[in-house]
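**Q**
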Amino acid sequence: MSKVPIRLSVNGEAHDLLVEPRKLLSDTLREDLHLTGTHIGCEHGVCGACTVWVDGRPARACLLFAVQIEGHEVTTIEAIAAEGRLSPFQQAMHEEHGLQCGFCTPGIVMTCEAWLREEPTIEETEIRELLSGNLCRCTGYQNIVRAVLKAARRARGNAA
Amino acid sequence: MNGEGPIGKRLLRKEDFRFLTGSGRYLDDIEAPRALHAAFVRSPYAHARLRHIDLTRARGAPGVVTVVGGAEVNQWTAPLRMAPPIEGLHPVEVATLPTDKVRFQGDPVVCVVATDRYLAEDAAELVDIEYEPLPAVASFDAALAPGAPLVDDALPSNLVSHQTFTAGDPARRFAQADRVIEAVFGQRRQTHLPIETRGALAIWDEGRQHLTYHNPNQVPHPLRSTLAARLRLSESQVTVIVPDIGGGFGQKIALYREELTVAALARHLKRPVRWREDRLENLLASSHAREDAARLRAAVTNTGTVLALDLALMEDFGAYCFYPANYLARVVAMILTGAYNIRDYSFDVQVALTNKCGNGPMRAPMAITSWIIEGTIDKIARELDLDPVEVRRRNMLRASDLPYVTATEQRLEDITPYETMERAIEEVDYAGFKRRQAAARQEGRHLGLGLCVVVESTTYGSAFYKAAGIPGSGHEAAWVKVEPSGAVNASVGLMASGQGYETAFAQVVAAGLGIDPAQVRLHIGNTDVAPYGMGSRGARGGTAGGSALHLAARDVADKVLKIAAQLLNLNTPDQLRLAGGAVERLVGGAWEPTELTFGAIARTAYLDPLRLPAGLEPGLEAHRAYDPPPMTFSNATHVCEVELAPATGVVHILRYVIAEDCGTVLNEMIVEGQQHGATALGIGGALYEALDYDADGQLRNGTLADYLVPTACEIPNFEIIAMHTPNRRNPTGSKGMAEGGVMGAIGAIGNAVNNALAAFGVEATQQPFSPEYLRTLLRGPLLSLSRI
Chain A
0 MSKVPIRLSV
10 NGEAHDLLVE
20 PRKLLSDTLR
30 EDLHLTGTHI
40 GCEHGVCGAC
50 TVWVDGRPAR
60 ACLLFAVQIE
70 GHEVTTIEAI
80 AAEGRLSPFQ
90 QAMHEEHGLQ
100 CGFCTPGIVM
110 TCEAWLREEP
120 TIEETEIREL
130 LSGNLCRCTG
140 YQNIVRAVLK
150 AARRARGNAA
Chain B
0 MNGEGPIGKR
10 LLRKEDFRFL
20 TGSGRYLDDI
30 EAPRALHAAF
40 VRSPYAHARL
50 RHIDLTRARG
60 APGVVTVVGG
70 AEVNQWTAPL
80 RMAPPIEGLH
90 PVEVATLPTD
100 KVRFQGDPVV
110 CVVATDRYLA
120 EDAAELVDIE
130 YEPLPAVASF
140 DAALAPGAPL
150 VDDALPSNLV
160 SHQTFTAGDP
170 ARRFAQADRV
180 IEAVFGQRRQ
190 THLPIETRGA
200 LAIWDEGRQH
210 LTYHNPNQVP
220 HPLRSTLAAR
230 LRLSESQVTV
240 IVPDIGGGFG
250 QKIALYREEL
260 TVAALARHLK
270 RPVRWREDRL
280 ENLLASSHAR
290 EDAARLRAAV
300 TNTGTVLALD
310 LALMEDFGAY
320 CFYPANYLAR
330 VVAMILTGAY
340 NIRDYSFDVQ
350 VALTNKCGNG
360 PMRAPMAITS
370 WIIEGTIDKI
380 ARELDLDPVE
390 VRRRNMLRAS
400 DLPYVTATEQ
410 RLEDITPYET
420 MERAIEEVDY
430 AGFKRRQAAA
440 RQEGRHLGLG
450 LCVVVESTTY
460 GSAFYKAAGI
470 PGSGHEAAWV
480 KVEPSGAVNA
490 SVGLMASGQG
500 YETAFAQVVA
510 AGLGIDPAQV
520 RLHIGNTDVA
530 PYGMGSRGAR
540 GGTAGGSALH
550 LAARDVADKV
560 LKIAAQLLNL
570 NTPDQLRLAG
580 GAVERLVGGA
590 WEPTELTFGA
600 IARTAYLDPL
610 RLPAGLEPGL
620 EAHRAYDPPP
630 MTFSNATHVC
640 EVELAPATGV
650 VHILRYVIAE
660 DCGTVLNEMI
670 VEGQQHGATA
680 LGIGGALYEA
690 LDYDADGQLR
700 NGTLADYLVP
710 TACEIPNFEI
720 IAMHTPNRRN
730 PTGSKGMAEG
740 GVMGAIGAIG
750 NAVNNALAAF
760 GVEATQQPFS
770 PEYLRTLLRG
780 PLLSLSRI
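Top line first, the protein sequences correspond to chains A and B.
As numbered in numbering that gives the first Met the number 0, residues 0 to 159 make up the first sequence, in order.
As numbered in numbering that gives the first Met the number 0, residues 0 to 787 make up the second sequence, in order.
Following this line, the structure appears as structure tokens:
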């Protein structure tokens, strides 16, 4: 299949790439840009491990073709603690033991970071709804919920 | 060893930074120049003769380097022979890829190797295979029906394993009994579902004749032994490197046929070959689990004393045996009597092959045992109109009964089932539940409460394997090396897939050396670095691996103190200890600092050996192995309260309490995380998860949209009560854990839902208790209610 040139903007940097039109955004990030923090768990849009941001909104990288993303800005897990310092939510995940094997973690961070940057509530049922698009087989979710609550409380505390 | 410095502390995990920032390194993150990608062509039939395989079109496809089937791969590899000397177990042999027939939908037949994964999958579409479909058997009953087609043509029947056992005189006890109460239980087929699927990257060095094999596997050394043998290489020609593992749960133990094929192809092609299965393959063709059914007959008195038990257990094992077929069912039967004093016991365990994906151990492979015994106790209470807790009290072992040798000769000691039960029911106000239940009923709400007393078998020692006739061992090995700078490296034969070993084991080693855990770095997952150990499985990591590390650290500490005594001009190190990174001396009943630091002694040991005591070798390291007792037990009581919506069949968990005694814990936070995860996995199986095969052996729910696993909305918050008491048989006091949560959830949910269903006069006997299943049970009773 012939490749087409695209310009992909990822984490604030522009990349000129040659990709097959059928190449998934998830594969392009991982293979062409070596951004392997975006994980692939199901390739049919259910598990949430490949969650990235497209123009600041969470999206499944396995349900997008790279060619669709020209003209949009992609943000991946690698941009969240770019200075080597964990974000408040990453820090809360660390403190609350919100991760075990870590494979689903980047997707969970991307989902929750986006939510926390809006106006987070501290309603547990809403937080559980938020997390329902990301599967985790290790933790039983309880400590992830605690981490989101902790980060949301801190964010509200700062805003107040 | 409670109170010894860092042991048990809630130390935050060393692993977290890399995982939280996307810089973990999983299999598919490893770059390999010139690597080729493999894709497998799988059988669409559950059972079919392979008539003809034509690879011509696929071989001509763009990017394709080679396309091979069993005709080629079986030349390069030895078959898997599974033939332990176990009475009633038929030996079986599995070729790397089938050449005569396929045995389940998803059976790999052909491997395509191309320059990228997309092209390999394109070419896989061009492989022409002519199948002659055969009748399939897709259930235990169908497999054992007269005239059933054979799954394995080399066996006399599909009954691949059958064992019976009797202790005491159950027949006499059944004759004496006031009542015989019978209960049945079933779990449907589940799968482990690690979020990272299987995969491998094989790199063959033609010059050195050496294979470097990257594979997310829980047991690196046993994997290397098998891989080398099946490739007909020496164990010194294979290095297994295990990167971070994205979840295992027992799925990543065996050497799978796809993974062996990839290794053989790398050697044949003299180029790196990699494979990562997709999720559909993982659901269809990796490894499945459970799908067992049981009937337990209990001989009881009118007051609820259990005189004897008689178990019939049946497991549908799927098409291939990557483990001895009796491996999982055996333990269910062995530990069935749980926390109870029941001497007269018999079992009959049958395992059948069917045309479905092969079974393997999934976190708590023995889990159904808890539901069987605890569900039967509840049923006894229902039938005799007794309180289920009273029936438990009447039969349960107390501290004064220990050590207790069970009917199957398991030695129970240092367990506290009675104490955890009493504490858990107090926590949930068990005494007030009937009132709450009645009050809710007035509002049209249907509550149920269930408890499950768990006795969890962990850390199987070499004596267990010997007695079971299974090749292998239960020991674990470790080394601890203090470098000249005082930095500490340590290793163990285990492999982590989320258990936080790098943190918890740093705590163990640091405790032994009197240093900060931050100074200890654990190196695992490389067979050239780690000592030969048996890997991570069966809740053995902390108990077996932690103990081996503890012993090695103690040896190193002994040497440090010997050196310190010499440097301080003392005759013996008896009055010295290591604490806070330095040597302390007992003077007049108080520990006082000396000028010697841990680092200074390390430097002396390596760089100034003439100052060492006579007879001590330069250097500072120790290597130890630890073989635990045949079986170690921890225990817990799970209590859960549910609300059942009769109109929809939906079960909502209102409250979930776990009182657990798993001995000395190495890191309390990590242990709680394991309790959460195990219990959540159990809830998945109890309420949602089932691989749905039709009668022809076609999987009908092979996507993540159809195979339902719990999300954050289905799992409750767990209230954990730590009641840990040390295990006197283990050097660290640990008892093993991380599977018992599954056992507890299956039993507690089973009992809670049946408690709620009792008002309708129906009983749920097969998990998952899906809304569809519960509605089927409730439809009749609800109709008759509406007619009243």
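Where a beta carbon is used, it is the ideal one built from N, C-alpha and C, also for glycine.
I'd like the list of long-range same chain contacts for residue 292 of chain B, defined as Cβ closer than 6 Å, with 5 residues on each side in sequence excluded.
**A** To locate residue 292 of chain B, count along the second sequence from 1; it is residue 293. Around residue 292 of chain B: 185, 313.
**Q** Is it buried or exposed for residue 364 of chain B, if we count other Cβ within 10 angstroms and need 16 for buried?
**A** The residue labelled residue 364 of chain B in the question sits at position 365 within the second sequence. Classification of residue 364 of chain B: buried, given that the 10 Å Cβ count is 16 or more.
**Q** At a cut-off of 7 Å, would you count residue 20 of chain B as near the ligand FAD, judging by its Cβ distance to the nearest heavy atom?
**A** Questions concerning the ligand FAD fall outside what the structure shown contains, since it holds no ligand whatsoever.
**Q** Would DSSP call residue 574 of chain B helix, strand or coil?
**A** Along the second sequence, read from residue 1 onward, the residue named residue 574 of chain B stands at position 575. Of the three classes helix, strand and coil, the one that applies to residue 574 of chain B here is coil, per DSSP.
**Q** Grab the span of the beta strand (DSSP E) containing residue 41 of chain B for me, first residue to last.
**A** If you number the second sequence from 1, residue 41 of chain B lands on position 42. Segment 35-41, the beta strand (DSSP E) holding residue 41 of chain B.
**Q** Distance cutoff 8 Å, beta carbons only. Does residue 278 of chain B sit that close to anything in chain A?
**A** Sequence index remark: in the second sequence, residue 278 of chain B carries index 279 (1-based). Yes, because at least one Cβ of chain A sits closer than 8 Å to the Cβ of residue 278 of chain B.
**Q** Is there a C-beta anywhere in chain A that falls below 8 Å from the one on residue 243 of chain B?
**A** Numbered from its first residue, the second sequence carries residue 243 of chain B at position 244. With 8 Å as the cut-off, residue 243 of chain B counts as an interface residue toward chain A.
**Q** Relative to the C-alpha of residue 90 of chain B, which residue among B/487, B/469, B/745 is closest?
**A** For this step, residue 90 of chain B is matched to residue 91 along the second sequence. When each option's Cα is compared against that of residue 90 of chain B, the closest is B/469.
**Q** Going by DSSP, what residue range makes up the alpha helix (DSSP H) through residue 92 of chain A?
**A** As a first step, residue 92 of chain A must be located in the first sequence, where it is residue number 93. Taken as a continuous stretch (DSSP letters only), the alpha helix (DSSP H) holding residue 92 of chain A covers 87-94.
**Q** Could you give the DSSP three-state label for residue 795 of chain B: helix, strand or coil?
**A** Look at the range of chain B in this structure, 0 to 787, and you will see that residue 795 of chain B is not part of it.
**Q** Can the beta-carbon of residue 281 of chain B be found closer than 8 Å to that of residue 197 of chain B?
**A** The residue given as residue 281 of chain B occupies position 282 in the second sequence. The residue given as residue 197 of chain B occupies position 198 in the second sequence. A contact, by the Cβ cut-off of 8 Å.
**Q** Please check if any C-beta of chain A sits within less than 8 Å of the C-beta of residue 496 of chain B.
**A** As a working note, residue 496 of chain B is residue 497 in the second sequence. True, the Cβ-Cβ gap to chain A drops below 8 Å.
**Q** On the criterion of 16 or more Cβ atoms from any shown chain inside 10 Å, does residue 647 of chain B qualify as buried, or is it exposed?
**A** For this step, residue 647 of chain B is matched to residue 648 along the second sequence. By the neighbour-count rule (16 or more Cβ atoms within 10 Å), residue 647 of chain B is not buried but exposed.
**Q** When the distance is taken between beta carbons, is residue 113 of chain B closer than 8 Å to residue 67 of chain B?
**A** Here residue 67 of chain B corresponds to residue number 68 of the second sequence, with the count starting at 1. Here residue 113 of chain B corresponds to residue number 114 of the second sequence, with the count starting at 1. No, Cβ-Cβ distance for residue 67 of chain B and residue 113 of chain B is not below 8 Å.
**Q** State the start and end residues of the unbroken beta strand (DSSP E) segment that holds residue 162 of chain B.
**A** Start at 1 with the first residue of the second sequence, and residue 162 of chain B comes out as number 163. Start and end: 158-166.
**Q** Residues of chain B with CB closer than 7 Å to the CB of residue 128 of chain A, please, in chain order.
**A** Locating residue 128 of chain A in the first sequence gives position 129, where the first residue counts as 1. By Cβ distance, chain B contributes 712.
**Q** On a Cα-Cα basis, can you pick out the residue from A/38, A/109, A/4, A/94 that is closest to residue 53 of chain A?
**A** Position 54 of the first sequence, counted from the first residue, corresponds to residue 53 of chain A. Nearest to residue 53 of chain A by C-alpha distance, out of A/38, A/109, A/4, A/94, is A/109.
**Q** Starting from residue 298 of chain B and walking both ways along the beta strand (DSSP E), at which residues does that stretch end?
**A** Position 299 of the second sequence, counting from 1, holds the residue named residue 298 of chain B. Per DSSP, residue 298 of chain B belongs to the beta strand (DSSP E) from 291-299.
**Q** Give a yes or no on whether 8 Å exceeds the smallest Cβ distance from residue 675 of chain B to chain A.
**A** If you number the second sequence from 1, residue 675 of chain B lands on position 676. So, interface residue.
**Q** Take residue 58 of chain B and list the residues in its own chain whose beta-carbon comes closer than 6 Å to its own, dropping the five residues that flank it on each side.
**A** For this step, residue 58 of chain B is matched to residue 59 along the second sequence. Only 66 meet the Cβ criterion.
**Q** Taking a contact to mean a Cβ-Cβ separation below 8 Å, would you say residue 639 of chain B touches residue 485 of chain B in this structure?
**A** Walking along the second sequence from the start, residue 639 of chain B turns up at place 640. Walking along the second sequence from the start, residue 485 of chain B turns up at place 486. Contact flag unset, no.
**Q** Classify residue 111 of chain A as buried or exposed, calling it buried when 16 or more other Cβ atoms lie within 10 Å of its own Cβ.
**A** Taking the first residue of the first sequence as 1, we reach residue 111 of chain A at position 112. Buried is the call here.
**Q** Is residue 489 of chain B closer than 8 Å to residue 477 of chain B when the C-beta atoms are compared?
**A** The residue given as residue 477 of chain B occupies position 478 in the second sequence. The residue given as residue 489 of chain B occupies position 490 in the second sequence. Their beta carbons are under 8 Å apart, which means residue 477 of chain B touches residue 489 of chain B by this criterion.
**Q** Interface residues of chain B around residue 160 of chain A at Cβ under 7 Å?
**A** Examination of residue 160 of chain A is not possible in this model, given that chain A is present from 0 through 159 alone.
**Q** Out of B/249, B/501, B/622, B/215, point me to the one whose CA is closest to residue 530 of chain B's CA.
**A** As a first step, residue 530 of chain B is located in the second sequence; it is residue number 531 there, counting from the start. Of the candidates B/249, B/501, B/622, B/215, the one whose C-alpha sits nearest the C-alpha of residue 530 of chain B is B/622.
**Q** Which residue comes first and which comes last in the beta strand (DSSP E) that contains residue 189 of chain B?
**A** Counted from its first residue, the second sequence places residue 189 of chain B at position 190. Taken as a continuous stretch (DSSP letters only), the beta strand (DSSP E) holding residue 189 of chain B covers 188-190.
**Q** Can you check DSSP and say which residues form a bridge with residue 213 of chain B?
**A** Numbered from its first residue, the second sequence carries residue 213 of chain B at position 214. Answer is B/200, B/240, bridged to residue 213 of chain B.
**Q** Determine, using beta carbons only, whether residue 108 of chain A comes closer than 8 Å to chain B.
**A** By one-based count along the first sequence, residue 108 of chain A stands at place 109. Chain B, which has a Cβ nearer than 8 Å to the Cβ of residue 108 of chain A, makes this yes.
**Q** If contact means a Cβ-Cβ distance below 8 Å, which residues of the region 43-58 of chain A contact chain B?
**A** 43, 45, 46, 48
**Q** With a floor of 4 residues, list each alpha helix (DSSP H) that falls wholly inside the region 672-723 of chain B, ordered by position along the chain.
**A** Listed in chain order, there is nothing to give.
**Q** Could you tell me which residues DSSP pairs with residue 57 of chain A in its beta bridges?
**A** For the purposes of this step, residue 57 of chain A is identified with residue 58 of the first sequence, where counting begins at 1. Paired residues: A/52.
**Q** Do you know how far the Cα of residue 146 of chain A is from the Cα of residue 119 of chain A?
**A** Here residue 119 of chain A refers to the residue found at position 120 of the first sequence. Here residue 146 of chain A refers to the residue found at position 147 of the first sequence. Rounded to whole angstroms, residue 119 of chain A to residue 146 of chain A spans 13 Å at the Cα level.
**Q** Distance, Cα to Cα, residue 614 of chain B vs residue 227 of chain B?
**A** Translated into positions along the second sequence, residue 614 of chain B becomes position 615. Translated into positions along the second sequence, residue 227 of chain B becomes position 228. In a straight line, the C-alpha of residue 614 of chain B is about 40 Å away from that of residue 227 of chain B.
**Q** Using CA coordinates, which residue listed in B/595, B/589, B/569, B/544 is at the minimum distance from residue 731 of chain B?
**A** In the second sequence, the residue the question calls residue 731 of chain B occupies position 732. When each option's Cα is compared against that of residue 731 of chain B, the closest is B/544.
**Q** Please state whether DSSP places residue 490 of chain B in a helix, a strand or coil.
**A** One-based indexing of the second sequence puts residue 490 of chain B at position 491. Of the three classes helix, strand and coil, the one that applies to residue 490 of chain B here is strand, per DSSP.
**Q** Assign residue 257 of chain B to one of three DSSP states: helix, strand, or coil.
**A** Residue 257 of chain B sits at position 258 when you count from the first residue of the second sequence. Three-state result, residue 257 of chain B: helix.
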